[in-house]
Every structure is written in C-alpha cells, then in structure tokens.
Amino acid sequence: MTQRLFRSTLRHAACGLALWGGLSATALAQEAPMSAIDWLSQRLQEPSAPAATRPQTPPKPSDISENALPEDITVRPLGEIDIDATGLLSAASTGLPRGLWGASTATDLARRITNIAARRDLLPASRRLLNTLILTELDPPMAAGGGGRLFRARLDALLAQGLLDEADAMMARSGTTDPSIFRRSFDTKLLLGTENEACAQLTSTPGLSPTLQAKVFCLARSGDWNAAALTLETSDALGLIDAEQSELLARFLDPELFEDAPTLTAPKDPSPLTFRLMEAIGEPLPTVTLPLAFAQSDLRSSNGWKARATAAERLARVGALDPNRWLGIWSEHLPAASGGIWDRIDVLQRFEIALNSNNPVAVGRALTPVWDEMRRAGLQSVFADLFATRLAALPLSADRAEVALEVALLSKDYELLALDYSATQSDRVTLLTSLAVGDVPATRPRDALERAILDGFRRDGVPVRLNGLVENRRLGEAILRAIELLEGGAAGDLDELSDALQFFRSIGLGVTARRAALELLLLERRG
Numbered sequence: 001m002t003q004r005l006f007r008s009t010l011r012h013a014a015c016g017l018a019l020w021g022g023l024s025a026t027a028l029a030q031e032a033p034m035s036a037i038d039w040l041s042q043r044l045q046e047p048s049a050p051a052a053t054r055p056q057t058p059p060k061p062s063d064i065s066e067n068a069l070p071e072d073i074t075v076r077p078l079g080e081i082d083i084d085a086t087g088l089l090s091a092a093s094t095g096l097p098r099g100l101w102g103a104s105t106a107t108d109l110a111r112r113i114t115n116i117a118a119r120r121d122l123l124p125a126s127r128r129l130l131n132t133l134i135l136t137e138l139d140p141p142m143a144a145g146g147g148g149r150l151f152r153a154r155l156d157a158l159l160a161q162g163l164l165d166e167a168d169a170m171m172a173r174s175g176t177t178d179p180s181i182f183r184r185s186f187d188t189k190l191l192l193g194t195e196n197e198a199c200a201q202l203t204s205t206p207g208l209s210p211t212l213q214a215k216v217f218c219l220a221r222s223g224d225w226n227a228a229a230l231t232l233e234t235s236d237a238l239g240l241i242d243a244e245q246s247e248l249l250a251r252f253l254d255p256e257l258f259e260d261a262p263t264l265t266a267p268k269d270p271s272p273l274t275f276r277l278m279e280a281i282g283e284p285l286p287t288v289t290l291p292l293a294f295a296q297s298d299l300r301s302s303n304g305w306k307a308r309a310t311a312a313e314r315l316a317r318v319g320a321l322d323p324n325r326w327l328g329i330w331s332e333h334l335p336a337a338s339g340g341i342w343d344r345i346d347v348l349q350r351f352e353i354a355l356n357s358n359n360p361v362a363v364g365r366a367l368t369p370v371w372d373e374m375r376r377a378g379l380q381s382v383f384a385d386l387f388a389t390r391l392a393a394l395p396l397s398a399d400r401a402e403v404a405l406e407v408a409l410l411s412k413d414y415e416l417l418a419l420d421y422s423a424t425q426s427d428r429v430t431l432l433t434s435l436a437v438g439d440v441p442a443t444r445p446r447d448a449l450e451r452a453i454l455d456g457f458r459r460d461g462v463p464v465r466l467n468g469l470v471e472n473r474r475l476g477e478a479i480l481r482a483i484e485l486l487e488g489g490a491a492g493d494l495d496e497l498s499d500a501l502q503f504f505r506s507i508g509l510g511v512t513a514r515r516a517a518l519e520l521l522l523l524e525r526r527g
C-alpha cells in the first residue's frame, strides 16, 4: 500500500532524511521494532464505577497540625537536583511539612500511590488528599536511589484520573529530558491537542529516541511531507513497522488517495498517537471505553454536544473538570432525546430554571429528581459545589430541606452550611451536622457504619497499625496507608475505617476525617 503512495517520493526526496538529524536506513535498521507510545492505554484504566467528587484543591494550611511530626531537614550535596521533589503546590500552601516522605523509600511510596490511584470508586476525600500529596513540592525520600520512580508514579496517578493539565505542568516544571518522562509528555500533549509543542521538543533535544510512528507524525506536522513519506517507506521496506500502523500513517499522510478505501478496523487498545491519527483521517474513536485521559480530547468545541457532555460528566465525576465548565457544557443546548445522559441534562436544566426563579415551591419540585439523577451518575459533589449555598438560603419544606442538607454537607462549604440546618434536631441531622463541625455527637449509632465512624472520632492518638510508620519517620507513607485503610473501610472493613479516621484526626487532618465520614454516610456508592 505504501509503495504506490511513496514511489515518486523515493525518487525526488532522498535528501529529506538529512532533515531528521541523520536518520538513515542503517539507523532505522538498528532501532528495534516497537509500537507507538502505548504506556497510557496499557497501564492506566478508568474506574468503572461512578465516583462523586469535587475538583482537586489543596487543604487549608491548618489541616495538618504542626505537632504531627517535627519537620526533618534533609541534607544533600550542593547542586544536586532530584526530580522527585518537583511539584506544583508549595508545602506552605498545603500545610504539609517538606520532609513528609522522611525515611520511606521511593519504591514503597510509588507502589502505594500507584495502588491507590488504580482503585475503583475512590472516596472524594481520599482523592483530594492523594492529589494534594502528589502535587505538593516535598523533599525527596531520604533513602537515595529513587531515580525519578516517585515522580513517574505521581504523573501516572494524575494521568489515570484524567488530570492532564496538572501532569503536563508537572513535567514542564521538572525540566527533564528523561525518555520515560518525555513519552508521557508526548502522550499527554497529543490528548490535550498541543502536540506541536511535543514535536518541537523532540526535534530540539538531542538524545531523545522517538518511535518511528512519532517521527513520521512530527515530520508531517512540521510540514516536511517528503521526509515523513520517505521515513515511512524506508521503515516499511525494512520491516520496522507493522502493517496496521503503516496503513494508518499512509492514510494520514495522503488521505485523498484512500477516499474510496474501506474504513480501518478500530484498534482495540489504541495509544494516544493512534487515537489522534484515527481522528485525523476522519475515523475518530469513541472514548467512552478508553482510559479516562482520552475523554479530555472530546471537550473540544469541534466535537458533537453529546460527546462533549459525556466527556464532561466522566471528568467532572473524578474532579478532573471544573464544575462550572461541566455546567456550561450541559447548558449549551436543550436535550435532543430522552434516556441516559439526556435525562440528567433535562432535570438539571429544569432545576436551574427553578432556582433562578427564586421560587421555593418550584425549587422543591425540581430538587428531588435532579438529586436522584446526580446520585445515579456519581455527580453529587459536583452538583453540591455549584448549588448548595443558594439552596440553603431558600425556605424549603421539611422533606426537601433534608435533601438540601445532603447537598450542603457534600459541598466545599459543608462546615458553614451545617449551621443553617442544626436547628432540626432529628438524630440523623444531629449526627451529620455534628460531624461537619468536628463535634462528637452524643447520639447512639443506628448501625455498624455509624458506630465505626463514631469510634474513629472518639479515639485519640495514632492507631497501633500505623504507629510503626510514624515512629520510623515515614509520615507520608503512613498517610498513604491510611487512605488505603479508609478505602478498605468504605468497602466494608469497619475496623480499618475507624483507624483511618482516628489517624487523620491525630495528625491534624481533621478536615479529611470529617469529609470522609460525611461522604460515607451520604454517598450511596458502594455495594
């Protein structure tokens, strides 16, 4: 197929190879055949169950008390730069001690971060705390020899959640040209639509060894069609590229030649480059079955509304999209059909119309159906951050006020808004509002979950199962372990739940403990 496409190019563009820094047939033969950059589609999978959360924001500096552990001072040779220290948030802004990683090894920390990020349906509180740890500039672990392992694990955790902008900014700030980081950067920019930046870095950085597909792609993007065609033809002749990729690249370079050809078989597990190439030849792949990071590409205004609305829902659900942008996309048009996402858009638009009318009766009628749809979609926290404050100001009927209380306690203003509902003295409301403001209610637990939560708030000190990590100056690792315990508790191990809540409170992460408790009681997400 490529021979008829490039035969004339071989005769007239032999000099084009020199434009790629001496890329010759000999050089191509020495490069082991390999597929396009595929780490993302191979290693990162989207959680299949809905999760409700809010955009990732760091906790207030007061969230972690100064007496959690004395901050360690790590001594390193002057001029030594460790990529593991790279972050986007200062330790001062998040309240984390710079020496949080302490005596832990990069391998242990990376393993825990990877395992947590791979969990399905993380609690919003877990996700917020995990991403704060990931994004903060912290001293590398004192144990030498990390080799960027911790940094790579942090990047992969961001990418698994669809947080491409944050991952892209982290890689840019690192300033590294390490090939393993560049592969991630290249994939990220492909999905963000900024691949020209990646191609520019590829051509300007000695030592980077891109795949053949990336070379062809970047040559074409730079306008050097002849060199791209000759590179593909040479690679094809030497057997350095498989038939499927050769066909795809050929169609990318000359789509008019294949206008009457049958469509290509959709690849089962596409790399970001394959994904973009399929889009470029007019055969875009649906993203709903692909890892979450691919959904970012559907947000572009050139895509259809349903694709954009679906992508916005997936990303907002895990805090990878600002709630206001989610609302903006869902408000662009009237629903074109019924069922599925159209029903959710319809009830949301009806609720917003009622809320804007400032009519408590109309709001009350619209509140229950929209809250039910948000619950089914795992969008409770997203909805809560947008509308909780306005709902709290309306005089709703008793049953609607109870729904509004749930909305309030899942919002970022949960503590302040809880005071508006504390006058309603049912046992359930007393429990919820007391937890929101950090008090331990005197009410008796109604079930095992409430008992485990109250145990976590009534006990003091570091739990035995986490004390060893803390005493051995591995506080950051202990926090990661506590997130694992919290998730285990949410899945049914209530002893782990109590220990996690107790630990967070003991080290000054009371906000995490309170929000996790409220989420466990209000989000019907597991089982």
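Under full-length UniProt numbering, think of the first position of the sequence shown as 1, with each following residue one higher. All C-beta atoms in this analysis are idealised placements derived from N, C-alpha and C, irrespective of residue type, glycine included. Predicted model, so just to flag it, every value in this text is computed and none were measured.
* Can you find at least 3 beta carbon pairs, one from the segment 334-349 and one from the segment 366-378, that sit closer than 8 angstroms? -> yes
* **Strand pairing of residue 89, partner residues [DSSP]** => In the sequence shown, the residue the question calls residue 89 occupies position 89. Per DSSP, 136.
* **Alpha-carbon to alpha-carbon, residue 232 and residue 352** => Taking the first residue of the sequence shown as position 1, residue 352 is located at position 352. Taking the first residue of the sequence shown as position 1, residue 232 is located at position 232. Spanning the alpha carbons of residue 352 and residue 232 requires a straight line of approximately 54 angstroms.
* Same chain only: Cβ atoms within 8 angstroms of residue 386, ignoring 5 sequence neighbours per side -> Along the sequence shown, one-based indexing puts residue 386 at 386. If we look at residue 386 and ignore the five residues flanking it on each side, its Cβ neighbours are 323, 324 and 327.
* When we look at the beta-carbon of residue 253 and count the other beta-carbons within 10 Å, is it buried (16 or more) or exposed? -> Taking the first residue of the sequence shown as position 1, residue 253 is located at position 253. By the 10 Å Cβ count, residue 253 comes out buried.
* Answer with yes or no whether the minimum CB distance from residue 494 to chain B is below 8 angstroms. => Annotation note: the requested chain B is absent from the structure, which comprises a single protein chain.
* Give, in chain order, every unbroken run of the alpha helix (DSSP H) that is at least 4 residues long and sits entirely within the segment 312-385. => 323-330, 341-357 and 360-377
* Starting from residue 456, follow the alpha helix (DSSP H) in both directions and report where the run begins and ends. => Translated into positions along the sequence shown, residue 456 becomes position 456. Counting along the chain, the unbroken alpha helix (DSSP H) around residue 456 starts and ends at 448-458.
* Are the CB atoms of residue 443 and residue 431 nearer to each other than 8 angstroms? -> Taking the sequence shown and counting its residues from 1, one reaches residue 443 at position 443. Taking the sequence shown and counting its residues from 1, one reaches residue 431 at position 431. Cβ distance < 8 angstroms, so residue 443 and residue 431 count as in contact.
* Asked: Are residue 273 and residue 182 closer than 8 angstroms when you measure CB to CB?
  -> Counting from one through the sequence shown, the residue named residue 273 turns up at place 273. Counting from one through the sequence shown, the residue named residue 182 turns up at place 182. No, these two residues do not count as a Cβ contact at 8 angstroms.
* Between the segment 132-151 and the segment 83-95, are three or more C-beta pairs nearer than 8 angstroms? -> yes
* With residue 378 and residue 133 assumed to form a contact (beta carbons below 8 angstroms), what rounded beta-carbon distance in angstroms separates them? -> For the purposes of this step, residue 378 is taken as residue 378 along the sequence shown, with counting starting at 1. For the purposes of this step, residue 133 is taken as residue 133 along the sequence shown, with counting starting at 1. Not really, about 23 angstroms apart at Cβ, beyond 8 angstroms.
* Distance between residue 433 and residue 499 (C-alpha atoms, nearest Å) -> The sequence position of residue 499 within the sequence shown is 499, counting from 1. The sequence position of residue 433 within the sequence shown is 433, counting from 1. CA-CA distance, residue 499 to residue 433, rounds to 22 angstroms.
* Asked: So, is residue 244 buried or exposed, given that buried needs 16 or more other C-beta atoms within 10 angstroms?
  -> For the purposes of this step, residue 244 is taken as the residue at position 244 of the sequence shown. Counting of Cβ neighbours within 10 angstroms places residue 244 among the exposed residues, the total staying below 16.
* Asked: Cα-Cα, which of 160, 215, 116 and 89 is closest to residue 170?
  -> To locate residue 170, count along the sequence shown from 1; it is residue 170. Closest option to residue 170, Cα to Cα, is 89.
* Quick one: Cα of residue 528 to Cα of residue 303, how far? -> There is no way to answer for residue 528, as the model of the chain reaches only from 1 to 527.
* With distances taken from CA atoms, which of 204, 338, 315 and 350 is nearest residue 331? -> For this step, residue 331 is matched to residue 331 along the sequence shown. Residue 350 is the option with its Cα nearest to residue 331.
* Asked: So what does DSSP say about residue 528, is it helix, strand or coil?
  -> The first residue shown for the chain is 1 and the last is 527, placing residue 528 beyond what the model contains.
* Given residue 260 as reference, the closest of 251, 129 and 286 once Cα atoms are compared -> Stepping through the sequence shown from its first residue, residue 260 is reached at position 260. Minimum Cα distance to residue 260 is reached at 251.
* residue 517 versus residue 419: straight-line alpha-carbon distance, rounded -> One-based indexing of the sequence shown puts residue 517 at position 517. One-based indexing of the sequence shown puts residue 419 at position 419. Answer to the nearest angstrom: the Cα atoms are 17 angstroms apart.
* **Enclosing alpha helix (DSSP H) for residue 508 [first to last residue]** => Looking up residue 508 in the sequence shown gives position 508. For residue 508, there is no enclosing alpha helix (DSSP H), as DSSP marks it with neither H nor E.
* Within the segment 387-412, ranges of the alpha helix (DSSP H) (whole runs, at least 4 residues) -> 398-409
* Using the C-alpha atoms, what's the distance from residue 204 back to residue 469? -> As a first step, residue 469 is located in the sequence shown; it is residue number 469 there, counting from the start. As a first step, residue 204 is located in the sequence shown; it is residue number 204 there, counting from the start. Their backbone Cα atoms lie some 45 angstroms apart in a straight line.
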